[in-house]
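S.K.:
Number of protein chains: 2
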Amino acid sequence: MKLTVAMLICGGLAAAHSVERWRVYEVTLAGPAAGNPFVDVRLQAAFHFRNRIVTVDGFYDGNSTYRIRFMPDEIGEWNYETSSNAPELNGKRGSFAATAPSAANHGPARVRYTTHFAYEDGTPYIPIGTTAYAWIHQGDELEKQTLETLRSSPFNKIRMCIFPKDYLYNKNEPVYYPFERSAGGTNDYTRFVPQFWAHLERRILDLQALGIEADLILFHPYDRWGYNNMPADANDLYLRYVVARLAAYRNVWWSMANEWDFVRTKNVGDWDRFFRIVQESDPYAHLRSIHQGNQMYDHAKPWITHVSWQGSDMAKIREFVQQYRKPVIDDECQYEGTIPSNWGNISAQELVRRFWMGTVGGGYVGHGETYLDPNDILWWSKGGKLKGQSPARIAFLRKILEAAPPEGLNSIPGQTAGAGQPGQYYLFYFDSHQPAESDFNLAPGTKYRADIIDPWEMTITPVPGTFEGGFTLKLPGKPYLAVRFHKGD
Amino acid sequence: MKLTVAMLICGGLAAAHSVERWRVYEVTLAGPAAGNPFVDVRLQAAFHFRNRIVTVDGFYDGNSTYRIRFMPDEIGEWNYETSSNAPELNGKRGSFAATAPSAANHGPARVRYTTHFAYEDGTPYIPIGTTAYAWIHQGDELEKQTLETLRSSPFNKIRMCIFPKDYLYNKNEPVYYPFERSAGGTNDYTRFVPQFWAHLERRILDLQALGIEADLILFHPYDRWGYNNMPADANDLYLRYVVARLAAYRNVWWSMANEWDFVRTKNVGDWDRFFRIVQESDPYAHLRSIHQGNQMYDHAKPWITHVSWQGSDMAKIREFVQQYRKPVIDDECQYEGTIPSNWGNISAQELVRRFWMGTVGGGYVGHGETYLDPNDILWWSKGGKLKGQSPARIAFLRKILEAAPPEGLNSIPGQTAGAGQPGQYYLFYFDSHQPAESDFNLAPGTKYRADIIDPWEMTITPVPGTFEGGFTLKLPGKPYLAVRFHKGD
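So the protein sequences, as listed, match chains A and B. Taking the working numbering, the leading residue of the first sequence gets 25, the next gets one more, and so forth. Taking the working numbering, the leading residue of the second sequence gets 25, the next gets one more, and so forth.
#1: In angstroms with no decimal places, state the Cα-to-Cα distance between B/Q358 and B/S456.
#2: Using a Cβ-Cβ distance under 8 angstroms, would B/E461 count as near chain A?
#3: Have a look at B/I236, B/V292, B/A222 and flag the residue whose alpha-carbon is nearest the alpha-carbon of B/F266.
#4: Of all the alpha helix (DSSP H) runs that stay within the bounds of the stretch 399-433 of chain B, which reach a length of 4 or more residues?
#5: Around the Cβ of B/V48, are there at least 16 other Cβ atoms within 10 angstroms (buried) or fewer (exposed)?
#6: Below 8 angstroms between beta carbons: does that hold for B/R264 and B/I241?
#7: Using only CA atoms, which one of B/T147, B/T79, B/P96 lies nearest to B/T106?
#8: Using the Cβ count rule (16 or more neighbours within 10 Å means buried), how would you classify B/A272?
#9: Could you give the distance in angstroms between the alpha-carbon of A/E304 and the alpha-carbon of A/H310?
#10: Note down, in chain order, each residue of its chain lying with its Cβ closer than 7 angstroms to the Cβ of B/P96, except the 5 sequence neighbours on either side.
#11: Name the residues in the stretch 161-194 of chain B whose C-beta lies less than 9 angstroms from a C-beta of chain A; which are they?
#12: When Cβ atoms are compared, which residues of the stretch 412-435 of chain B fall closer than 9 angstroms to chain A?
#13: Per DSSP, what are the beta-bridge partners of B/M184 in this structure?
#14: Please confirm whether A/Y308 and A/P132 have their CB atoms less than 8 angstroms apart.
#15: Is the separation between the beta-carbon of B/G382 and that of B/V389 shorter than 8 angstroms?
#16: Distance, Cα to Cα, A/P503 vs B/S371?
#17: Tell me the residue span of the beta strand (DSSP E) that contains A/V287.
#18: Is it buried or exposed for A/A268, if we count other Cβ within 10 angstroms and need 16 for buried?
#19: Alpha carbon to alpha carbon, what distance is there between B/T210 and B/K290?
#20: Check whether the Cβ of A/G501 lies closer than 8 angstroms to any Cβ atom in chain B.
#21: At a Cβ cut of 9 angstroms, what residues of the stretch 91-114 of chain A count as close to chain E, listed as they run along the chain?
#22: By the criterion of Cβ-Cβ separation under 8 angstroms, what are the contact partners of B/S405 in chain A?
#23: Please state whether DSSP places A/G494 in a helix, a strand or coil.
#24: Compute the Euclidean distance between the alpha carbons of A/L497 and B/T470, then round it to the nearest angstrom.
#25: Going along the chain, which residues of its own chain have a beta-carbon closer than 6 angstroms to the beta-carbon of A/T4, five neighbours each way excluded?
#26: In terms of residues, what are the limits of the beta strand (DSSP E) holding B/F464?
#27: For B/K511, which residues does DSSP report across the bridge?
#28: Cβ-heavy atom distance between B/E393 and the ligand NAP below 7 angstroms?
#29: Assuming A/A467 contacts A/P446 (C-beta within less than 8 angstroms), just tell me the rounded distance between them.
#30: Terminal residues of the continuous beta strand (DSSP E) containing B/V352?
#31: For B/D247, which residues in the same chain have their Cβ closer than 7 angstroms to its Cβ, ignoring the five residues on either side in sequence?
#32: Excluding sequence positions up to five away, which residues of its chain have a Cβ less than 6 angstroms from the Cβ of B/T394?
#33: Can you tell me whether A/G36 is buried or exposed, with buried defined as 16 or more other CB within 10 angstroms of its CB?
#34: In or out: A/I228 buried (at least 16 other Cβ within 10 Å) or exposed?
#35: Helix, strand or coil for A/P218? Go by DSSP, reduced to three states.
#36: Do we get a CB-CB distance below 8 angstroms when we pair B/P364 with the residues of chain A?
Here it is as structure tokens:
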């Protein structure tokens with residue numbers, strides 16, 4: 025019998041007896057409802073695989089219901105035992121079998137080859153991200169449209185906030201609140217609203233079904249409800265609750281903040297503490313980073329798995345790769361659109377150019393779209409439909425990258441921006457340069473086939489013959505082209 | 025009687041009795057030919073205007089002929105008296121009248137309004153430069169074609185080397201050598217070849233007749249004849265000779281080097297000494313700068329009148345203007361063309377973009393063209409004909425700048441790159457941004473007319489109505505446009 029995740033979540037108190045590797049095994053227990061179970065009750069489970077023990081926090085889900093979610097990363101038999109300060113929740117035991125993953129399940133994304141990514145099963149993961157900060161706060165109709173749009177898009181990662189957003193074009197009230205909130209607008213940060221979290225989880229699973237990583241933004245500055253200004257213990261409780269509820273979903277990433285330096289209510293010590301909390305609580309070591317407005321957080325810190333950067337000087341990407349020796353994602357290089365703000369009005373051509381510049385810099389680039397809309401439905405925040413011309417070109421780039429070596433593309437010194445795996449594969453991008461011929465000096469001992477790629481017209485034109493070592497290649501004398509060399513006689 | 029410069033130069037021994045202000049008054053004297061007159065004979069003249077005395081070096085022009093060239097900067101009677109260690113040249117007196125300049129003669133270019141230029145008579149000078157390093161070394165036929173091309177071009181400044189050039193696409197032998205040279209290739213750096221210098225002077229005057237400033241490059245690294253590796257005293261003698269011969273031409277600028285940091289034979293102390301020699305010798309204080317390859321010379325030094333910079337990061341221009349408080353010319357932001365080298369293969373669109381970026385940064389940008397040519401005649405070095413699409417757009421920009429306030433355009437803080445004179449005039453350039461509307465906040469108390477400018481299509485589209493203070497303007501949602509506001513009801 026093959027259990028779906030939905031069944032596991034909604035299946036009541038009886039735990040399932042098997043689950044796919046890297047899906048969610050959920051233990052549901054009845055327990056105390058008196059007092060404030062969110063803060064009064066501690067619940068953990070120790071999951072055993074042979075001699076290995078993985079300790080996982082449970083959480084209160086309202087209505088006398090407690091849950092422990094676990095993502096097994098080994099195939100075979102797992103046993104668990106709970107511990108709690110509530111006698112009804114303590115000492116509960118069970119076992120289940122983790123079975124082979126289905127074809128689309130490659131496990132969580134990991135850093136691989138130092139500056140690139142792969143899923144845990146070794147399948148390369150090439151992040152092609154987009155941004156829709158507040159898409160889960162828009163109501164079912166628009167959220168379903170967003171999912172439909174994503175289904176036919178090239179994107180396999182989305183930056184999204186847990187908290188609702190108050191900003192330009194973002195004045196609507198969210199459907200759910202994360203914490204109990206009085207009619208007068210007073211939050212009780214010690215009481216979570218299960219409906220809010222169940223909705224978020226549904227969206228994370230919707231994304232998972234589409235093969236999309238949820239790059240969850242835990243804090244951000246654009247707030248009118250109070251979430252940006254919670255006391256320190258509320259922040260910490262929130263983080264532990266988030267991790268307990270969400271870490272078992274293989275497609276979550278932790279983005280500690282959008283524009284952390286624009287958050288005036290927290291200092292670097294706070295952010296460091298937040299990272300330590302998440303790192304300690306998360307049994308699966310999901311990817312962790314933090315995104316800046318102007319001032320970069322120190323991405324050399326050990327809990328940062330990859331550099332999440334905002335910037336439009338694409339030459340920086342190569343520098344950051346060299347500096348940090350971690351994967352670099354420019355997840356906000358400005359957005360295709362027409363709004364007055366500079367960060368949201370670059371042309372599709374320019375965004376495509378930036379994707380290519382980041383790629384040949386050895387890093388990754390994210391998409392966003394901000395076309396003025398009569399109903400203020402801008403993709404970058406609310407989702408909906410894509411209107412722009414860049415996604416088709418980003419899809420074209422994604423196909424090219426998927427056909428590249430699984431070790432990823434590392435930038436190669438030289439006057440033309442290029443990246444590759446020397447001896448195997450090279451991708452050069454000429455930006456605004458339009459040479460009628462160009463000199464190349466490839467690793468000797470290999471014969472290469474060459475293609476001239478037009479990233480905007482989405483054409484790949486093979487060049488007759490093979491190439492080796494140092495040579496001059498005739499080019500069309502047109503700007504914004506790329507040249508690819510791949511091993512082949 | 026109106027005297028032409030050609031008559032003054034070629035007119036033999038009798039000095040003319042009148043000359044236009046800012047043209048060349050030349051005193052010609054017969055003197056000793058024995059020994060080495062270039063080093064043995066000192067010759068100076070003191071030119072008196074009322075109680076003011078301007079001291080000018082003379083030079084030996086071969087064939088027992090000595091000349092003193094002087095550019096009067098005041099209208100009225102001038103008297104002179106020579107001094108020399110050669111008795112035949114000593115104590116010669118004369119006088120002449122400096123007359124009002126003709127319409128096209130505005131005097132030498134000067135720094136004005138701190139970061140801009142004007143001719144000495146106050147007429148704004150907006151440098152729209154091009155580069156043809158070795159054009160005077162190509163023989164009459166090609167040189168005349170270059171002059172014809174310049175005549176119908178937008179350029180009013182040209183970067184050009186005194187010495188011939190040895191480099192890619194530049195392997196032909198020059199027509200003239202600056203110093204006597206044996207058949208075996210040995211130079212006598214103490215003996216100048218008058219034909220070389222007379223030819224150079226003819227070209228400087230050809231440019232002057234076209235209204236073009238000659239940005240003379242005194243040293244450069246691309247050499248096979250020895251000029252890059254002369255002894256220190258030969259360098260100094262050369263500089264004094266250059267100044268004595270050329271400083272009286274109002275359209276000369278001193279560019280101490282092209283890519284000074286690529287010249288391995290000289291150190292910073294040498295360059296500083298060169299500047300002091302030129303500064304001390306030049307009675308007219310022509311503009312002085314130096315151009316780098318990678319490492320910038322310290323443009324804060326007092327003898328640097330303006331920043332001559334090579335670079336394609338156009339945001340630097342604004343920074344340099346702020347940093348140095350001198351005019352900034354990016355005279356090599358890469359060239360329109362198709363050669364393999366990155367510095368010589370940007371598209372016309374990109375070069376036009378860079379001109380606009382530099383302009384709204386409060387600085388100036390230079391042109392160059394490097395299309396591959398079957399006969400290796402690339403404009404950037406040899407001159408000839410222009411093939412590219414940028415000059416027409418640069419001419420369009422020049423017209424716009426000539427219609428702007430004479431005080432020049434100073435960059436204005438804000439998210440969209442803009443420059444102007446607050447309260448009078450603003451020019452904004454959107455680069456790759458394509459807002460469908462944009463917010464402006466102009467100095468209050470003035471009504472402005474607005475134009476939407478397409479720098480590539482070369483259109484200026486007036487926007488109906490007037491604008492004042494803070495407002496939102498609808499825009500076409502197309503990248504690479506500019507908006508101009510100018511005072512007007």
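Every residue, glycine too, gets a C-beta built ideally from N, C-alpha and C.
M.R.: Checking against the coordinates, here is how it stands:
#1: 19 angstroms
#2: yes
#3: Checking the sequence shown, residue 266 of chain B turns out to be Val, not Phe. Minimum Cα distance to B/V266 is reached at B/A222.
#4: The DSSP assignment places 403-406, 414-426 as complete runs of the alpha helix (DSSP H) inside the stretch 399-433 of chain B, in order along the chain (cut-off: 4 residues).
#5: That one is buried.
#6: Cβ distance not < 8 angstroms, so B/R264 and B/I241 don't count as in contact.
#7: B/T79
#8: buried
#9: 11 angstroms
#10: V43, R45, Y49, W102, A122
#11: none
#12: none
#13: B/L240
#14: yes
#15: yes
#16: When rounded, the distance between both Cα atoms is 6 angstroms.
#17: Where A/V287 is concerned, there is no enclosing beta strand (DSSP E), given that its DSSP letter is neither H nor E.
#18: buried
#19: Counting only the Cα atoms, B/T210 lies some 21 angstroms from B/K290.
#20: yes
#21: No chain E appears in this structure, whose protein chains are A and B.
#22: Those within 8 angstroms of B/S405 in chain A number zero; the least Cβ separation is about 17 angstroms.
#23: Residue state, collapsed to three classes: strand.
#24: 57 angstroms
#25: Here chain A has residues from 25 to 513 only, and residue 4 of chain A is not among them.
#26: Counting along the chain, the beta strand (DSSP E) containing B/F464 begins and ends at 461-465.
#27: The beta-bridge partner set that DSSP reports for B/K511 consists of B/Y472.
#28: What this structure holds is no ligand at all, so the ligand NAP is not there to describe.
#29: 4 angstroms
#30: 352-356
#31: F187, D190
#32: Y359, G361, I363, G368, L402, W404
#33: At A/G36, the pLDDT of 35 sits below 50, so the modelled position is not reliable; the number obtained from the coordinates is stated separately. It is exposed - the Cβ of A/G36 has fewer than 16 other Cβ atoms within 10 Å.
#34: buried
#35: helix
#36: yes
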